[in-house]
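K.L.:
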Amino acid sequence: MEPQTVQPPGAVRGKPRDTLKGRQPDAAALREVRALIGEAPPEGHRRDLLIEHLHRLNDAFGGLFERHLVALAAEMRLAPVEVFEVASFYHHFQILKDGATAPALTVRVCAGLACEMAGARDLLARLPALLGTDVRVVEAPCIGRCEQAPAVLAGQVAVPGASAATVETEVRVQLAREAAARPPKGLQAEKSDSNRPVPSTGRPPAAIETIAYDAYRAAGGYSLAAAVVNDEHDPEAVIAALEHAGLRGLGGAGFPAGRKWRIVRAEPAPRYMAVNIDEGEPGTFKDRHYLERDPHRFLEGVLIAAQVVGTEAVYLYLRDEYHDCRRLLRRELAALQANPPCPLPHIELRRGAGAYICGEESAMIESIEGKRGEPRMRPPYIAQVGLFGRPTLEHNFETLYWVRDIVEKGPDWFAGHGRHGRKGLRSFSVSGRVKEPGVKLAPAGITVRELIDGYCGGMADGHELYAYLPGGASGGILPASLADVPLDFDTLQPHGCFIGSAAVIVLSQMDRARDAALNVMRFLADESCGQCTPCRVGTAKAAKLMEAEVWDGDTLDDLALVMGDASICGLGQAAPNPIRCIHKHFRHEVGEAPWPGDLPNPGGKGRRTEPATAAGQPEAGA
């Protein structure tokens, strides 16, 4: 059943024009666009599928040529400027002049913190000369493979633990296969994407066994969902179980899941559901980990939530870098829909386009609607006015992943885990200077020292714990002296940090917290949507100031105050965290305190020969 909306997805705002103003589409471009997106139905193309159509063009032609954007605007009966502004917003779309030559392949080298620590800068410097001018090499903000650092995407193929040699091999294999499969010149472009297998040299970090649909059903999967849908299980009991278990949003915000279900359920129908699998926070890769292994446990949670809350349609928003996951999820959704255990809601899988800001719930909803991913002002909240103007239940992947287990095993099972007075389980994405990075399922409230020693095999050889990021790019930075603070919601705020999505990046004595803070700020500046000035200007200015060996502390503090108080969404509001943490815990690195005599100081950054006095005096224990 197609969802019914206040403004149906296929509707065009106002009276559509028969012809565009300005440049008119040429016949050849129109044919190529129609070959990819299909002929327009009587009611016209759905406006919310604009980004999906842009992906098809980008995949088929290696970029977005202006002639195709004009033709797409005409075909969808949109203003060309609307199509251009959406295409230019997202990192993974490359707009090309009509006379230009598209790159044979795009190679994205992750420059996130974990990858930078593992040598990404060296790869970025070496690859262009190795791969030649036909291959486009770009710096990527984060590709969600921090445990595989340095990580690279060669086209749509992940190269974990990349070296210049392995990337070159992958690129050569893909180019050779592409050349062999290329249609004769003059034929229409083949329909793209993503449903087709992507050539690969096949080097996964480890063999991954996915529990497919038949195996999941055979082991009792979807029994609970069927019971809920068929009114054999009380929906109120499901909500009560989530509340008693203390399940909170595991995407980072930490809002109580049961309370969110109650709020949306009380709103008038029709209601929708949007699931965030964008996972753009540097250091975070837990959702990919579970999706690769047990996708139906998540999908069963989706069905239960949809039935209990009464949502008519579900939209799954998956980050574009997870190409393998997209193919897997499409396959398993098809298997579920071909042999459903119970009546299913309308489900659509949407493809992100490289925008960290779309991890923010309202920006994600804007992107699902085919627009620029810019956060909305609140109120109204999306629980009341969300997707297509209707009440919307928004959840992170992992939150829904745990629903079945909590209901079947009982809330006490989930709440019974925990350390240091905390309750529940947390999936920690651990990367950096540890022997065994990866996703670690551990009790809530575990300390980073316990996490490293008990779950990660200890620190990497030759490395000692110096600092750590407990919540990814926006969660702040803490020194080793605070390695015994419980990791959970509400425990880190007194220290100027938060756990967020539990992305733990570990630094050693060979790293500098100031370098980590600069990497993070550059990321935030790059990913700012630009909608509000405090974030757009503040992050860029802060990144520039943070390059100095001795920081201008007063100016940075002023920027931090403005960004935190005046930004529209969490990106700008959390951007000051790295600045404040350096000022509080690592003053010796930025010239505000003497350098500890027992700590290596490569390059002399932040070295100060005279003791700090007065306002520059370090805190005790800092």
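In the numbering used here, the protein residues as written are -15 to 606. Beta carbons are placed, not taken as given, at the ideal position from N, Cα and C, and that holds for glycine.
(1) Examine the Cβ distances between the segment 80 to 87 and the segment 35 to 54 and report whether three or more of them are shorter than 8 Å.
(2) In terms of residue numbering, what span does the beta strand (DSSP E) encompassing Ala337 cover?
(3) Given Val121, which residues of its chain have a CB within under 6 Å of its CB, disregarding the five upstream and five downstream residues?
(4) Tell me the rounded alpha-carbon separation between Gly405 and Gly416.
(5) In its own chain, which residues sit with a C-beta less than 8 Å from the C-beta of Leu313, not counting the 5 before and 5 after it?
(6) Name the residue from Pro463, Ser458 and Leu56 whose alpha carbon lies nearest to the alpha carbon of Val432.
(7) May I ask you to report which of helix, strand or coil DSSP gives Glu174?
(8) Could you say which of Asp198, Gly548 and Lys568 lies nearest to Pro560 if we only look at CA atoms?
(9) Hey, how far is the Cα of Leu543 from the Cα of Gly441?
(10) On the three-state DSSP scale, how would you describe Gly416?
(11) What is the rounded straight-line gap between the Cα of Pro478 and the Cα of Gly429?
(12) Counting Cβ pairs, one atom from each stretch, are 3 or more of them under 8 Å apart for the segment 254 to 267 and the segment 390 to 402?
(13) Determine whether the beta carbon atoms of Ala149 and Val136 lie at a separation below 8 Å.
(14) Report yes or no: do the segment 453 to 460 and the segment 479 to 493 share at least 3 C-beta pairs separated by less than 8 Å?
(15) Take every Cβ of the segment 213 to 228, pair it with every Cβ of the segment 336 to 351, and state whether three or more of those distances are shorter than 8 Å.
(16) So who's on the other strand from Gly90, going by DSSP bridges?
(17) Report buried or exposed for Ala33, applying the criterion of at least 16 other Cβ atoms within 10 angstroms of its Cβ.
(18) Look at Gly370 and Tyr256 and say whether their C-beta atoms are less than 8 Å apart.
(19) Assuming Gly480 and Arg564 are in contact, meaning their beta carbons sit under 8 Å apart, how far apart are those beta carbons, in whole angstroms?
(20) Is Gly537 near the ligand SAH - that is, is its Cβ less than 7 Å away from at least one heavy atom of it?
(21) Relative to the C-alpha of Arg360, which candidate in Glu350, Gln368, Asp582 and Glu531 has its C-alpha closest?
(22) Applying the criterion that 16 or more other CB atoms from any shown protein chain within 10 Å of the CB defines a buried residue, is Ser492 buried or exposed?
(23) Rounded to the nearest angstrom, what separates Ile35 and Gly556 at their Cα positions?
(24) Candidates Val65, Ala253, Asn42 and Pro9: which alpha carbon is nearest Lys355's?
(25) Take Ile566 and list the residues in its own chain whose beta-carbon comes closer than 8 Å to its own, dropping the five residues that flank it on each side.
(26) Below 8 Å on the Cβ atoms is my guess for Glu358 versus Cys513; work out the distance and round it to an integer in Å.
(27) Would you check if the segment 282 to 296 and the segment 114 to 128 touch, i.e. whether three or more CB-CB distances between them fall below 8 Å?
(28) Pick from Ala63, Arg201 and Glu123: whose alpha carbon is nearest that of His76?
(29) Answer yes if the segment 12 to 26 comes into contact with the segment 52 to 71, meaning at least three C-beta pairs across the two stretches below 8 Å, and no otherwise.
(30) In terms of residue numbering, what span does the beta strand (DSSP E) encompassing Pro427 cover?
(31) Tell me which same chain residues have a C-beta within less than 6 Å of the C-beta of Met60, skipping the five on either side of it?
(32) Do Phe412 and Asp271 have their C-beta atoms within less than 8 Å of each other?
(33) If you run the structure through DSSP and keep just helix, strand and coil, what is Ile261?
(34) Taking Cβ to Cβ, would you say His330 is nearer than 8 Å to Ala289?
(35) Leu409 and Leu425 - do their beta-carbons sit closer together than 8 Å?
(36) To the nearest angstrom, how far is the alpha carbon of Glu216 from that of Cys326?
P.N.:
Let me spell this out:
(1) Output reads yes: the segment 35 to 54 touches the segment 80 to 87.
(2) Ala337 -> no beta strand (DSSP E), and no H or E assigned at all.
(3) Val91, Leu111 and Pro112
(4) Gly405 and Gly416 have their C-alpha atoms roughly 28 Å apart.
(5) Leu275, Pro279, Leu300, Leu302 and Leu333
(6) Nearest in C-alpha terms to Val432, of all of Pro463, Ser458 and Leu56, is Pro463.
(7) Confidence in Glu174 is poor, its pLDDT being 39 and thus under 50, which makes the residue's placement unreliable; the coordinate value appears in the next sentence. Of the three classes helix, strand and coil, the one that applies to Glu174 here is coil, per DSSP.
(8) Gly548
(9) 40 Å
(10) strand
(11) 15 Å
(12) no
(13) Going by C-beta atoms, Ala149 is not nearer than 8 Å to Val136.
(14) yes
(15) no
(16) Correcting the residue type first, residue 90 is Thr in the shown sequence and not Gly. Answer by DSSP bridge pairing, in chain order: Arg120.
(17) In the sequence as presented, Ala is not what sits at residue 33; that position holds Leu. So Leu33 counts as buried.
(18) yes
(19) 5 Å
(20) For the structure depicted, the ligand SAH is absent and the ligand set is empty, with no information on it obtainable.
(21) Glu350
(22) buried
(23) 25 Å
(24) Val65
(25) Ile461, Ala497, Arg498, Ala501, Trp535, Glu573 and Val574
(26) Indeed, because the Cβ distance is near 5 Å, the residues count as touching under 8 Å.
(27) no
(28) Glu123
(29) yes
(30) Gly422 to Pro427
(31) His29
(32) no
(33) strand
(34) no
(35) yes
(36) 12 Å
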